[in-house]
Amino acid sequence: MGEPHPKLQANDLSRTFGRGPSAVAALGPLDLTVAPGEFVCIAGPSGCGKSTLLRIASGLLRPSTGELAIRTTSPRPAAMIFQDYGIYDWKNVLANVRFGLDIQRVPRREANARARDWLARLGLADFASAYPATLSGGMRQRVAIARALAVEPEILLMDEPFAALDAQLRMILQDELLELTQTTRTTTLFITHSLEEAIVLGDRVLVMSARPGRFIAERRPPFPRPRSGEVRSAPEFTALKSELWQLLRPEAVPA
Amino acid sequence: MNTAVRKERTDSTAVLVRRPGPQELHPVRTHRRRRALELSLALAVPLLLVLLWQLAAAQAWIDDRVYPAPTTILADGWDRAAAGDLWPDVWATLKRVLAGYAIGTASGYALGLLMGSLSLVRAALEPLLDALYVVPKLALLPIFLNMFGLGEGPQVALVAATVFFFVWISTMSAVMSIPAGYRDAGQVFGASSWQMFRHVLLPASLPAVLVGARIAAGVAVLVIVASEQIAAANGLGHLIFDSRALFQNDVMFVGIVCVAVLGVVFSELVRVLGRLLTPWAPRDRGRGQP
Amino acid sequence: MCSAVLAAGALLVSAGCAAQESGDGAGASEPRTIKAVSGCGDGSWTDPADLAADRAPARCAEGTPAPQPLTERRKLTIATGTLSAEYVAPLQVAVAQGEFKKEGLDVTLKVLPTPDALPLLAKGDIDAQWAAPEAAVINGVNSGFDIKWVAGNFSPDPKSKSGLWVRLKDGESASHVPMADRKLGTMIGKGSVIAYPMNQALKKHGGGLDKVQFQALGSADVLTALQNGGVDSAWLLDPVWRKVDGDDRYAFLGGQPAGEPLGGMLFGPNLLTDDVDAGVALLRAYIRTINTYFADDYKKDPAFVAELARLMKTDRTVLESTPSLLMDWEIRAGTTNRLQSAYRAAGVSEGDPLPESRLVDRALYGEAVGHRP
Chain A
1 MGEPHPKLQA
11 NDLSRTFGRG
21 PSAVAALGPL
31 DLTVAPGEFV
41 CIAGPSGCGK
51 STLLRIASGL
61 LRPSTGELAI
71 RTTSPRPAAM
81 IFQDYGIYDW
91 KNVLANVRFG
101 LDIQRVPRRE
111 ANARARDWLA
121 RLGLADFASA
131 YPATLSGGMR
141 QRVAIARALA
151 VEPEILLMDE
161 PFAALDAQLR
171 MILQDELLEL
181 TQTTRTTTLF
191 ITHSLEEAIV
201 LGDRVLVMSA
211 RPGRFIAERR
221 PPFPRPRSGE
231 VRSAPEFTAL
241 KSELWQLLRP
251 EAVPA
Chain B
1001 MNTAVRKERT
1011 DSTAVLVRRP
1021 GPQELHPVRT
1031 HRRRRALELS
1041 LALAVPLLLV
1051 LLWQLAAAQA
1061 WIDDRVYPAP
1071 TTILADGWDR
1081 AAAGDLWPDV
1091 WATLKRVLAG
1101 YAIGTASGYA
1111 LGLLMGSLSL
1121 VRAALEPLLD
1131 ALYVVPKLAL
1141 LPIFLNMFGL
1151 GEGPQVALVA
1161 ATVFFFVWIS
1171 TMSAVMSIPA
1181 GYRDAGQVFG
1191 ASSWQMFRHV
1201 LLPASLPAVL
1211 VGARIAAGVA
1221 VLVIVASEQI
1231 AAANGLGHLI
1241 FDSRALFQND
1251 VMFVGIVCVA
1261 VLGVVFSELV
1271 RVLGRLLTPW
1281 APRDRGRGQP
Chain C
2001 MCSAVLAAGA
2011 LLVSAGCAAQ
2021 ESGDGAGASE
2031 PRTIKAVSGC
2041 GDGSWTDPAD
2051 LAADRAPARC
2061 AEGTPAPQPL
2071 TERRKLTIAT
2081 GTLSAEYVAP
2091 LQVAVAQGEF
2101 KKEGLDVTLK
2111 VLPTPDALPL
2121 LAKGDIDAQW
2131 AAPEAAVING
2141 VNSGFDIKWV
2151 AGNFSPDPKS
2161 KSGLWVRLKD
2171 GESASHVPMA
2181 DRKLGTMIGK
2191 GSVIAYPMNQ
2201 ALKKHGGGLD
2211 KVQFQALGSA
2221 DVLTALQNGG
2231 VDSAWLLDPV
2241 WRKVDGDDRY
2251 AFLGGQPAGE
2261 PLGGMLFGPN
2271 LLTDDVDAGV
2281 ALLRAYIRTI
2291 NTYFADDYKK
2301 DPAFVAELAR
2311 LMKTDRTVLE
2321 STPSLLMDWE
2331 IRAGTTNRLQ
2341 SAYRAAGVSE
2351 GDPLPESRLV
2361 DRALYGEAVG
2371 HRP
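Residue numbers (the working numbering), protein chains in the order written: chain A, 1 to 255; chain B, 1001 to 1290; chain C, 2001 to 2373.
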């Protein structure tokens, strides 16, 4: 988009799994540019490769072709939030949120202070010494978000973080996330298969095709920042949702 | 839950009613009674069996020269303990079990961790260890006797070898079955190998490892008794088989009871230790009612 | 639930109150008629109190006591620890020559180690055991089982040096070797009858079973350990002792006492109470075998030695290298007392010593030779 210094730039990126005749093209080829502070949502059908894109961005996976570049001086600029198995059952909530800071060898006192700050922001202050097994799904994802934001990452990668939650909790967490990220202005790449979620949260919404995933549409939700969950009732919201669904639906129908 | 069928007098159609039952009406009392019943059963059943044995011996349904009555065993054990004859054997066996268990657990855990996380090491060592796993360790006793001579060496080595395999296998499979998501999180946050071990691999695998360790505790006692029969001059296993050779049945039973108690105590100790080390893990003694 | 507790309580009370059935030791022994036996005169019975080392063992004429077949043929099992030791020869010869068959007995010799055979004998699953009143037997009788020593086996030739050998240290001579705190290698367990002569030999030299360290070794290793210094002393059997005999570095301190058999036939309840006739018949055949084939120096006859070698599956040179055993079916007075004090010293037996009447029964071999008490 003419952005001179994009935070993240992917060129001709693709990924294949397996060898020989059983090889499967999972992703791409695609290009992607993300500006600093931009919240980009990628919506697509199941199995289209959106998680693969995120894993390449996080460094967990290498691309088969192409390149993904991140403008940064840190070797680990990203923090990731997973759908499940994110936080650790054997650490209590405070230790979990502090995990990234412990890895970076931040002194314990400072790390605890920062962690508690984030716990407060996510309404988890009373649960600091609880173990994840005693928490509900929504609480656990809040812990995961706190853990990711506590390290103040340059890039936030979120892989369908609310998919395992019920519809009501999902809306509540979307609102909370909106509030948080509008304060921190972290560059974010957010994967979902819910168009509604993508439009509420994103500065840009990219629609991905079925496997191998390529971008088939890009829209900017016409809602200024700072926005709240009320945009869901705006007529532009419904219109955009229908338009994107028309593009997404044929991809989502099982072959 | 309580259901009742009540006939409507007027039009004679039956009605099915769901009513509160005793658990709903008096939850505290019901729960307390249930717990009391469970506890008393847990105590009463073993006690009843022991009483039955005592009765059988007293009424000569069994030959009490061959199967001494529980009171005889207790009295004999008490006399021996009071005379200080019992403790040296118990201590000798305990020392061997503890030493072998410590060595076996440490080495089994280390190797299991290594092989679980590094696939090259696993590829190199797994076939060899799988083959050794099925060799009865007792069959290796003559080899240990040659290696370590007489004395404590072969006994401790045998216990260590037995315990090693249990702990190794449960550690390796525990590490291998750590969900990838746990490792991914650590990796994305930039954990070094040591940090990954300390924060992720060690705690994630610990509950399964402790299960293996608890099983190994029982087996260690089993193995030491068999090995003491062959290659030791003291200890509870030696006591059992020596008294058998000398046709002293009551002493033999004292030895057997002592070994049983030792096995139970040791196993429970490991379980309690496991609970302390893994406060987050669910209790593995599942009681039916919450 | 309350009723379960009450039931448990009732059981406890009844179990506690029920009197222990005390096993009456000796079986009812109605007096048996003893008839004189031709061929067995004054020499067929010696006074048990005679402990002289040069006592001539009891003997009858060849072929006596004559067989008195039972009215009904009877199958009997005798357990023995081994079939290839020389002291088992009389039993094997008896079977081979049909002496048991002549009595109407169908005898099987079964090889079983003592710890396995003894409980079977006590329960009546086997009828007799060719062994010795070891500590295990004493303990068994103490527990209430009905077992008795009813005939002797042998005493060693005075020329034999089977027994306690010691490696001499500097300055020691055969007449005095301080044995306290020495290591003794043996393949025999602590509860064996050898404890008694071992204790005697050790005591003469300042030792004692309680003062000496035992090292259990396999029979092949005993001599090696003595020669290479692994142990200071060892109990060597026939013919192993020949290897160190005449070597100045080793001294013989003593063996099994002369004129005192330490083992022989053990009977269980089957032959002590249920069928005494069969018991006497068994001993009669055994005694007749001694009188016929083992009366004196049986190794003088090369043909017989060859026959023994064949029966025991051993080499005739091995048999010829040691002197003949003095077969002796009688039991000396006080042997079991001396054995029990040795067991006590070795720590393998507990409780008060049992009187000889509970462990020994001479009436059966007495009846076989027609001796009236």
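For each residue, glycine too, the CB sits at the ideal point set by N, CA and C.
Since this is a predicted model, take the numbers as computed values, not measurements.
Practice item. Would you verify that the beta carbon of V1209 of chain B is, or is not, closer than 7 Å to some beta carbon of chain A? Key: no
Review point. Since E218 of chain A sits in a beta bridge, which residues does DSSP pair it with?
Key: A:L206
Point to revise | Residue-level contact to chain C via CB, Q1248 of chain B, 7 Å cutoff | key: yes
Point to revise | Closest residue to L2262 of chain C among C:D2127, C:K2101, C:W2149 (Cα-Cα distance) | key: C:W2149
**Study point:** Cβ contact (3+ pairs, closer than 8 Å) linking the segment 26-38 of chain A and the segment 6-17 of chain A
**Key:** yes
Check your understanding: Between which two residues does the beta strand (DSSP E) harbouring D2106 of chain C extend?
Key -> 2105-2111
Check your understanding: Going along the segment 89-101 of chain A in order, which residues come within less than 7 Å of chain B, judged by CB to CB distance?
Key -> D89, W90, F99, G100
Review point. Out of A:A130, A:A210, A:L94, which has the shortest C-alpha to C-alpha gap to V253 of chain A?
Key: A:A210
**Study point:** Contacting positions in the segment 40-60 of chain A - beta carbon closer than 9 Å to chain B
**Key:** R55, S58, G59, L60
Check your understanding: Going by the beta-carbon positions, is the gap between S2162 of chain C and L2237 of chain C smaller than 7 Å?
Key -> yes
Review point. Just to confirm, are A1099 of chain B and V1135 of chain B a CB contact at a threshold of 7 Å?
Key: no
Practice item. Give the DSSP-derived three-state secondary structure of N2291 of chain C in the structure shown. Key: helix
Exercise for review: Check whether the Cβ of L157 of chain A lies closer than 6 Å to any heavy atom of the ligand HEM, and answer yes or no.
Suggested key: Among the ligands in the structure shown, none appear at all, so the ligand HEM cannot be discussed.
Review point. Would you say F2154 of chain C and Y2087 of chain C are within 7 Å of each other, going by their C-beta atoms?
Key: yes
Check your understanding: Name the DSSP bridge partner or partners of F1148 of chain B?
Key -> Partner(s): none; F1148 of chain B has no beta bridge.
**Study point:** Under 9 Å from the C-beta of R944 of chain B: neighbouring residues of chain C
**Key:** Residue coverage of chain B in this structure runs from 1001 to 1290, which leaves residue 944 of chain B outside it and unanswerable.
Exercise for review: State the CB to CB distance for the pair V106 of chain A and V143 of chain A, rounded to an integer number of angstroms; the pair is presumed to be in contact (CB under 8 Å).
Suggested key: That pair is no contact at about 18 Å.
Review point. Who are A2151 of chain C's beta bridge partners in DSSP?
Key: C:M2265
Practice item. Give a yes or no on whether the C-beta atoms belonging to I1103 of chain B and A1160 of chain B are separated by under 7 Å. Key: yes
Review point. Counting contacts by CB-CB distance shorter than 7 Å, is A1185 of chain B in contact with chain A?
Key: yes
Review point. Would a check of beta-carbon distances place R1122 of chain B closer than 7 Å to chain C?
Key: no
Review point. Apart from the five residues just before and just after G138 of chain A, which ones in its own chain have a Cβ nearer than 8 Å to its Cβ?
Key: L165, L169, I172, L173
Exercise for review: Could you check which residue in C:T2314, C:L2168, C:A2061, C:P2065 has the C-alpha nearest to that of G2366 of chain C?
Suggested key: C:P2065
Point to revise | alpha helix (DSSP H) runs wholly inside the segment 1223-1285 of chain B, at least 4 long, in chain order | key: 1236-1245, 1249-1277
**Study point:** Exposure of Q2376 of chain C, with buried meaning 16 or more beta-carbon neighbours within 10 Å
**Key:** With chain C running from 2001 to 2373 in the structure shown, residue 2376 of chain C is simply not present.
Check your understanding: Short check: CB of D1250 of chain B to CB of T1030 of chain B, under 7 Å?
Key -> no
Exercise for review: Tell me whether G1084 of chain B sits in a helix, a strand or coil according to DSSP, three-state version.
Suggested key: coil
Review point. Which residues of chain C have a Cβ atom closer than 9 Å to the Cβ of A1099 of chain B, listed in chain order?
Key: Ordered by position in chain C, no residue passes the 9 Å Cβ test against A1099 of chain B, which lies about 23 Å from the chain.
Practice item. Look at the Cβ atom of V1188 of chain B, then the Cβ atom of S58 of chain A, and state whether they are nearer than 7 Å. Key: yes
Review point. Looking at C-alpha atoms only, which residue of A:A167, A:A148, A:L177, A:P224 is the closest neighbour of G86 of chain A?
Key: A:A148
Check your understanding: What are the residues that DSSP puts in a beta bridge with N11 of chain A?
Key -> A:E67
Review point. Looking only at its own chain, which residues have a Cβ that is under 8 Å from the Cβ of C2017 of chain C, when we skip the five neighbours before and after it?
Key: Low confidence applies to C2017 of chain C: its pLDDT is 48, below 50, so where it sits in the model is not reliable enough to give any reading.
Check your understanding: Rounded C-beta distance between V1045 of chain B and P1070 of chain B? I'm assuming under 8 Å.
Key -> At roughly 15 Å, the Cβ-Cβ gap does not stay under 8 Å, so V1045 of chain B and P1070 of chain B are not in contact.
Review point. In terms of residue numbering, what span does the beta strand (DSSP E) encompassing G2351 of chain C cover?
Key: That residue, G2351 of chain C, is in no beta strand (DSSP E); it is neither H nor E in DSSP.
Point to revise | Proximity winner among B:L1138, B:P1207, B:S1170, relative to V1107 of chain B (alpha-carbon distances) | key: The residue you asked about is not Val; residue 1107 of chain B is Ser in the sequence shown. Taking only the C-alpha atoms, the option nearest S1107 of chain B is B:S1170.
Review point. R2284 of chain C by DSSP, collapsed to three states: which one?
Key: helix
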